[in-house]
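Numbering (this note's numbering), first residue to last: 1 to 98. Here a beta-carbon is modelled for each residue, glycine too, at the ideal position from N, C-alpha and C. Since the structure is predicted, the reported quantities are computational estimates derived from the model, not experimental observations.
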């Protein structure tokens, strides 16, 4: 019986296209793992700087929370850090959907 035999080439092409698309998505995800990890690491570096400053006896937290210029620096730093994470996430999401 040859019922559906005419659809076999179409089903094979669809399956091949889906496999190719899945391979492409996996490749893009793997290539974006590095930039995403780098962005997370860069976002955590200010905390490391605070720890290093404290270890050297500079008391960065008293500056950041104890004075108006310090609080302005803290606010600007948090805002820029958040914008950087958002921007990296946006670029990676755009690359995945392209």
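Residue i versus residue j: straight-line alpha-carbon distance, rounded
i          : j          : result
residue 14 : residue 61 : 60 Å
residue 88 : residue 35 : 8 Å
residue 33 : residue 41 : 12 Å
residue 31 : residue 39 : 14 Å
residue 76 : residue 51 : 19 Å
residue 94 : residue 28 : 11 Å
residue 98 : residue 12 : 25 Å
residue 99 : residue 79 : One cannot answer for residue 99 here, as it falls past the ends of the chain, which runs 1 to 98.
residue 26 : residue 72 : 42 Å
Per-residue DSSP class, three states only, for residue i
i          : result
residue 56 : coil
residue 98 : coil
residue 67 : coil
Anticipated Cβ contact below 8 Å, residue i with residue j, distance rounded
i          : j          : result
residue 70 : residue 64 : 4 Å
residue 85 : residue 43 : 5 Å
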